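Each protein sequence line maps, in turn, to chains A and B.
The opening position of the first sequence corresponds to residue 1 in full-length UniProt numbering, with each subsequent residue numbered one higher.
The opening position of the second sequence corresponds to residue 1 in full-length UniProt numbering, with each subsequent residue numbered one higher.
Think of the CB as a built atom: it goes at the ideal place given N, C-alpha and C, for glycine as much as any other residue.
Since this is a predicted model, take the numbers as computed values, not measurements.
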Amino acid sequence: MIRPEHRRLRRNEPLQDRYIQLFNLFCFMRADPFIAELRDRGLLTTEQATAITADERTRPFSLHYEIRTLLYLGITLLSGGLGVLIYEHLDQIGHGVVVAVVALLMTACFAYAARHRQSFSWTLVPGSSLLADYLLLLGCLLFLVLEGYLQAQYELFGTRYGLALALPAVLFFLLAYRFDHRGVLSMAITALAAWVGLNTQPLAVFENNFLTGSVSRAAIALGALLLLVGWLSETRHRKAHFAYTYILLGGNLLLGAATAALFNEVLNPKALLVLLILAVSAGLFWYGRRAHSHLFLLLGAAYGYVAFTYGLGWLLSEFGLDVVFSLGLYYFVASTAAAVWFLTHLKRLAGTDAHEQGL
Amino acid sequence: MNKAYNPAWARHEALQTAAQNWHRRGLLPLPQLQAIRAAYPLIYYRPNIYLQILLFLLTMLGYMAVLGLIFLFTAGLFESTFNWSAPIMIGLAALLAALAGQFALQQLISSSRTYRAGSDQALLYLSLGFAALAWQAFVDAALPNVLDFLLLDSPYLALWLLPVLALLLWATARFGDALLAVLAYVAVMALLANGLLQFGAGRLPLPFAIMALAVGLYQLIRYLAARTNYWYYHACFITLEVLSLATFYLGGNYLIVREGNAAISGLPVSGQIPFAPVFYLLTVLVPLFYLYQGLRRPSRVWLLTGLATLAFSGYTLRFYHSVLPPAVASALLGAFLIGLIAAALRYLRTPQHGLTAAPDNESGERPGLNLEALIVAQTAHAPQSPEPGFQFGGGQSGGGGAEGQW
């Protein structure tokens with residue numbers, strides 16, 4: 001059983017952000033007794049107590065996340081339904097209506113988004129309209145539906161498949177930067193990867209057919225490019241808030257591809273591949289500390305651990321298999337201990353301590 | 001009731017959260033926030049979520065490993081000394097394991113001040129599980145001729161379930177753990193169903209009894225929330241509130257009643273049920289009532305339960321009647337949702353009836369946008385053109401949770 005360190009108990013740690021968010025969502029605060037108690041102890045002035053009580057009474061209830069979720073559900077259902085419908089009844093009269101509806105809807109979505117656009121800026125643009133954001137996303141989805149249909153039915157791009165895939169990528173990148181939209185940006189990255197012939201969905205990087213060396217090389221190159229772009233956007237202050245999406249999708253693609261290539265033995269030399277994974281993992285880890293993000297720390301640690309273990313096993317197997325098996329148990333115990341240490345110090349590593357103090 | 005954890009911890013936690021919120025809304029300057037933090041310190045141990053999960057798993061592993069080792073060494077000795085039957089042996093071993101777990105838990109809490117840190121929860125759940133197992137073994141030993149007393153319609157179920165329920169209630173009161181509260185409620189429901197199923201006609205009022213039980217639970221929560229240490233049990237209260245709303249709905253849901261009825265009777269295909277119009281009506285009206293209440297109170301528990309139950313009502317409808325082809329239904333529903341939300345956004349441009357569309361903390365970066373971009377990357381892509389000869393049947397609409405089922 002793991003005993004927590006006692007010295008940490010005495011430190012007065014603030015609550016974790018995630019905990020507070022969850023708490024706020026579901027606990028209606030019964031704050032009145034708290035306010036009275038704090039006022040009586042002299043921790044709040046009377047004016048503050050009055051102001052806080054008034055705020056607790058009159059503050060409206062936020063439906064923000066419900067609205068976002070339902071809107072997203074709505075646009076996926078609509079574009080998904082139309083996307084299937086457009087291929088059905090291909091030879092019937094009502095068919096043209098569906099195509100026209102998709103085209104009209106797409107135009108309307110883009111027009112609405114354009115009408116509600118903010119002026120362009122290289123920084124985060126605040127105050128964009130919620131509905132316009134989602135209609136832009138719907139417009140992009142319908143564009144994909146329409147383009148796929150036109151290519152399948154009329155071979156609009158002939159056999160230049162590259163063009164058919166590059167067009168949405170270019171369009172989406174332009175839209176993402178113009179309208180300052182992270183969702184469209186990730187669609188653009190997905191489209192770009194499709195142009196290269198890859199799948200960048202975060203949970204699907206391993207479903208790519210990495211079995212050939214050229215696909216693996218392409219994935220690693222694209223991942224590296226995305227990492228570079230993300231890094232440049234952050235340091236050059238060109239849409240610095242896009243860096244998260246670039247670096248997460250790029251890093252995941254590169255590390256996933258390299259790890260799969262390592263295990264399927266399609267790329268050589270192996271030592272170089274292990275070193276590459278370790279270097280990029282270390283980079284992600286370092287970036288996670290810089291950006292105070294637990295996710296990057298965890299990703300870097302996980303991929304780094306896999307590559308390190310693989311490299312170690314590979315090195316040791318050069319000395320004969322016996323050593324590997326006898327050391328395996330100790331290695332497991334040691335890595336569990338390391339994992340506990342890592343997770344215990346996660347907050348300090350990410351530097352979120354000071355962040356959560358509100359400093 | 002003596003509590004396992006210091007009740008001040010829960011209260012300090014809630015108070016600090018409230019103070020943090022005031023600070024975020026600009027009602028409380030930072031030095032004062034820090035003074036409040038110093039006056040109400042959080043001196044318990046609770047690590048981040050990843051470490052909690054790891055501690056939970058490791059403690060379970062350690063507990064089982066230690067027990068397994070002890071059992072290996074002592075089992076032979078016991079068998080040669082005492083000549084007891086197998087169930088009694090198992091029951092005794094499980095009982096000892098449960099007591100040892102409770103003792104270790106007590107030591108852990110008093111020495112390390114863990115408060116829902118993963119390790120204490122692992123010990124709690126496992127030791128209670130062993131206690132239930134021990135009682136099951138004893139009942140088994142006492143009723144050697146009854147093989148299946150754990151079935152829902154067995155007349156002997158209460159013999160096992162009642163002591164387990166008592167144990168769960170004791171543990172809930174002592175530890176304030178939400179999962180235990182849920183299990184206790186499930187046990188009460190099972191007892192109710194078991195009691196009604198002893199009579200031939202008991203199947204008929206069962207849905208109404210479940211609904212009445214849910215109402216009773218809701219009243220009980222409101223009674224207890226006002227009269228106990230609210231903050232110590234607040235996780236239990238919220239979970240049970242969701243559960244009471246959910247069971248009230250499911251008790252009256254047509255699909256659940258019809259299929260449950262068939263399952264209890266052992267019919268291969270479910271048939272029409274008595275009082276069908278009542279259940280149709282309940283299936284439609286209860287979610288709408290929840291949504292209305294959720295917006296009127298306003299309460300997120302009611303609102304989200306209302307949305308979930310509404311989705312399940314849609315599923316119920318599609319389960320028995322294919323109203324429209326999946327693709328058409330999906331497109332129409334999507335268009336309806338977008339239109340509805342657009343109207344709501346227009347209506348809520350300025351806050352109305354205490355509701356707003358703006359996020360709770362308006363300053364700077366809205367949390368969740370990065371996460372949303374990832375969800376878009378994972379789910380948003382157009383359906384590919386079908387291969388020649390491919391039949392569209394499922395209405396895959398590419399993510400979104402309820403695709404094509406409406």
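Give me the Cα-Cα distance between residue i and residue j, rounded to the nearest whole angstrom.
| i | j | result |
| --- | --- | --- |
| Gly96/A | Met189/B | 55 Å |
| Ala39/B | Ala14/B | 13 Å |
| Trp122/A | Ala51/A | 38 Å |
| residue 363/A | Ala243/A | Absent from the structure is residue 363/A, since the part of chain A shown begins at 1 and ends at 359. |
| Leu340/B | Tyr154/A | 36 Å |
| Leu343/A | Pro205/B | 52 Å |
| Gly216/B | Pro31/B | 46 Å |
| Gly314/B | Lys347/A | 43 Å |
| Gly354/B | Gly91/B | 57 Å |
| Thr336/A | Phe296/A | 20 Å |
| Leu72/B | Leu168/B | 30 Å |
| Ala327/B | Val66/B | 56 Å |
| Val186/B | Phe199/B | 21 Å |
| Ala8/B | Ile238/B | 20 Å |
| Tyr223/B | Asn229/B | 12 Å |
| Arg116/B | Arg11/B | 15 Å |
| Leu254/A | Leu51/B | 27 Å |
| Tyr287/A | Tyr134/A | 30 Å |
| Gly294/B | Pro126/A | 30 Å |
| Gly158/A | Gln151/A | 8 Å |
| Ala262/B | Ser85/B | 39 Å |
| Ser131/A | Leu185/A | Here residue 131/A turns out to be Leu, not Ser, going by the sequence shown. Those two C-alpha atoms are separated by around 17 Å. |
| Leu123/B | Ala173/B | 17 Å |
| Arg290/A | Gln107/B | 40 Å |
| Ala344/B | Ile67/A | 9 Å |
| His241/A | Glu234/A | 7 Å |
| Leu163/A | Gly304/A | 37 Å |
Closer than 7 Å by beta-carbon distance: list the chain C residues that pair up with residue i, in chain order.
| i | result |
| --- | --- |
| Gly74/A | Given the protein chain composition of this structure (A and B), no chain C is represented. |
With DSSP as the reference, label residue i as helix, strand or coil.
| i | result |
| --- | --- |
| Gln34/B | helix |
| Thr336/A | helix |
| Thr228/B | coil |
| Gln107/B | helix |
| Thr245/A | helix |
| Leu42/B | coil |
| Thr81/B | helix |
| Gln352/B | strand |
| Thr114/B | strand |
| Ile277/A | helix |
| Glu234/A | helix |
| Phe130/B | helix |
| Phe275/B | coil |
| Gly197/A | coil |
| Arg3/A | The predicted position of Arg3/A is uncertain, since its pLDDT is 40 and thus under 50; no value can be drawn from it. |
| Asn6/B | coil |
| Glu265/A | coil |
| Ala335/B | helix |
| Ser265/B | helix |
Is there at least one non-hydrogen atom of the ligand PLP closer than 6 Å to the beta-carbon of residue i?
| i | result |
| --- | --- |
| Ser214/A | Looking for the ligand PLP in the displayed structure turns up nothing, as the structure carries no ligands at all. |
Report, in whole angstroms, the separation of the C-beta atoms of residue i and residue j, which I expect to be a contact under 8 Å.
| i | j | result |
| --- | --- | --- |
| Leu136/A | Phe179/A | 6 Å |
| Ala184/B | Leu165/B | 6 Å |
| Phe319/A | Ala301/A | Actually they do not touch by this definition, with Cβ atoms about 27 Å apart. |
| Tyr331/A | Val274/A | Contact flag wrong, Cβ pair sits at about 16 Å. |
| Gly223/A | Ala176/A | Not a contact, Cβ separation roughly 19 Å. |
| Tyr292/B | Thr309/B | At roughly 12 Å, the Cβ-Cβ gap does not stay under 8 Å, so Tyr292/B and Thr309/B are not in contact. |
| residue 363/A | Leu227/A | This structure does not reach residue 363/A, given that chain A is present from 1 up to 359, and the question cannot be answered. |
| Ala218/A | Gly197/A | 7 Å |
| Thr305/B | Val257/B | Not a contact, Cβ separation roughly 19 Å. |
With a floor of 4 residues, list each alpha helix (DSSP H) that falls wholly inside the UniProt domain "DUF2157" (37-183) of chain A, ordered by position along the chain. 46-58, 64-85, 95-115, 130-154, 161-179
Could you check whether the region 323-340 of chain B touches the region 108-121 of chain A, counting it as contact only if at least three pairs of C-beta atoms, one from each stretch, sit closer than 8 Å? no
The region 131-151 of chain A touching the region 72-82 of chain A, judged by at least three CB pairs closer than 8 Å: Short answer: they touch.
Between the region 212-221 of chain A and the region 257-268 of chain A, do at least 3 Cβ pairs fall closer than 8 Å? yes
Within 8 Å, do at least three Cβ pairs link the region 238-257 of chain B to the region 273-285 of chain B? These segments touch.
If we count Cβ pairs, one from each stretch, closer than 8 Å, do we get three or more for the region 53-69 of chain B versus the region 103-121 of chain B? yes
Which full runs of the alpha helix (DSSP H) of 4+ residues lie inside the region 144-208 of chain B, going along the chain? 157-175, 178-197
Give, in chain order, every unbroken run of the alpha helix (DSSP H) that is at least 4 residues long and sits entirely within the region 270-319 of chain A. 270-291, 294-317
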